[in-house]
Amino acid sequence: MEEKRYESDLTRKEKRHLEWEKIKGMKWKARIGYIWEYYKPHMAVGLGIILVLCIIGQIIYRSQFETVLSVAVLNSPMGDSEGMAADFKKYLKDTDKFHEITVDSSMIFGGDGQSDYTSTMKLTTLIGAQELDVLVAPEEQFNHYTEMEAFFPMDEILTEEEKEAYGDAVTEYGICIGNTEKLQEFQMTVGEDAYLAVFINTENVENAKSFIKYIYGGGES
């Protein structure tokens, strides 16, 4: 008499054959439901592995990028920030695809209380995280962060010759740039009292210097 075999006694090949026989005897709707229920744990594990690999791949890819200048331009929500970033990179003659320049023109001050609060929180966070190199802002915001000793003295940024060229626009911690042609070109509507300043914790001083020349419509960097 043949000994009765339980499913737990079957080999993997026999188990696969048994499952296939079960599936063949089902209607299509039942097949789909059965396959989903039976293989759901396997699919979840597979998708989890794929997700982890994608995240690791993205981290490795992004680690190759380096931000060589990060600029915040206030009160210019309609400004072409991406266009300005690309144009400045071209101005630098920087062809390294892993070098990034960012221009953030999303922060608004002087409007309603909520937008002021949101923009203040964002700007404070970016400054605290040392993720900004240059600020272009109306005089009120410029003065606020000047009082917090957030900026490089212009004496450490500009040469005597450059300070003479910019004249009375140069202050101790910034430079009054107003609505330069370059700002207007990219619809940056900061205002006639716009100031440019370089954050004291920047590691991109040379590019910050070049950005000053760029904003003023200077020649080659």
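The end of the sequence shown is residue 220 by numbering that gives the first Met the number 0, with every number in the run present. Glycine included, C-beta positions come from ideal geometry on N, C-alpha and C.
Under DSSP, His98 shares a beta bridge with Glu65. Annotation for Asp115: Phe108 place their beta carbon closer than 6 Å to its own, counting only its chain and skipping 5 residues before and after. Three or more Cβ pairs closer than 8 Å define a contact, and the stretch 172-182 falls short of that threshold against the stretch 121-130.
Within the stretch 115-197, the alpha helix (DSSP H) runs of at least 4 residues that lie entirely inside it are, in chain order, 138-146, 159-165, 180-184.
Per DSSP, reduced to three states, the secondary structure at Asp86 is helical. The stretch 159-176 makes no contact with the stretch 96-103; the number of CB pairs closer than 8 Å stays below 3. Residues of the same chain with a CB within less than 6 Å of the CB of Ala168, apart from the 5 flanking positions on each side, are Ile174, Cys175 in chain order. The alpha-carbon separation between Ser118 and Val135 amounts to approximately 14 Å.
Gly166 has its alpha-carbon roughly 23 Å from the corresponding atom of Glu148. In this chain, the alpha helix (DSSP H) harbouring Ile214 covers 204-214. Beta-carbon to beta-carbon, Pro137 and Ala84 are separated by about 21 Å, too far to satisfy the 8 Å threshold.
Per the DSSP secondary-structure output, Asp103 pairs in a beta bridge with Ala71.
Shown here, Gly47 sits in a helix according to DSSP, grouped into three states. Leu131 places its beta carbon less than 8 Å from that of Phe198.
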